[in-house]
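This note's numbering numbers the first residue of the sequence shown as 1226 and each following residue consecutively. All residues carry an ideal CB built from backbone N, CA and C; glycine is no exception.
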Amino acid sequence: MALIPVAATLEGCASTAKALTVTDGVLNVPLDALGNGNSTVVRANGLANKLMISKRSDGSYTALELNCPHKGGPIKEKEGQLVCGWHGSAFDLEGKLLKGPSKSGLKTYPVDADGSMLRVRLA
Ligand code: FES
């Protein structure tokens, strides 16, 4: 299951991040938030960190928390990887660890598509 490469850099997405609300442990994200690209960055009231939601090549979706497991640094896309700006840990677009000092991958959440809505299950 490969991810379709992110069309825009996360830095570019930061200014367009959508503010949403978590209800009963579920974050509802309109499918059209992905626009013509295959990923978007969202903020949610009640969530400390931004999430990157991406569409995989098989049509499924994934949600990654953009917070480094090492010491909480910011994660940005760089040359097809997700890289921490503080000490250089790197992750693939599924959040799997590629390079430390982090010892684990990014936190991921399951995403279900329901009509025109993506439901990110946070709890
Ligand atoms: S906080 Fe991300 S590598 Fe240290």
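Residue i - DSSP class collapsed to helix/strand/coil
i	result
ASP1257	helix
GLU1236	Caution applies to GLU1236, whose pLDDT of 37 falls short of 50 and renders its modelled position unreliable; the value that the coordinates give is listed next. The answer is helix: DSSP assigns GLU1236 an H, G or I state.
PRO1299	strand
ASP1317	coil
Outcome for residue i when other beta-carbon atoms lying within 10 angstroms are tallied against a minimum of 16
i	result
LEU1323	exposed
ASN1270	exposed
GLY1320	buried
LYS1296	exposed
ALA1338	exposed
ASN1263	buried
ASN1292	buried
PRO1335	exposed
GLU1304	exposed
Beta-carbon proximity of residue i to residue j, cut-off 7 Å
i	j	result
TYR1286	LEU1343	yes
SER1380	PRO1299	Within the shown structure, residues of the chain are numbered from 1226 to 1348, placing residue 1380 beyond reach of any answer.
ALA1258	VAL1345	no
LEU1307	GLU1290	no
LEU1252	LEU1318	no
PRO1294	SER1341	no
Whole-angstrom C-beta distance between residue j and residue i, which should lie under 8 Å
i	j	result
VAL1267	VAL1254	6 Å
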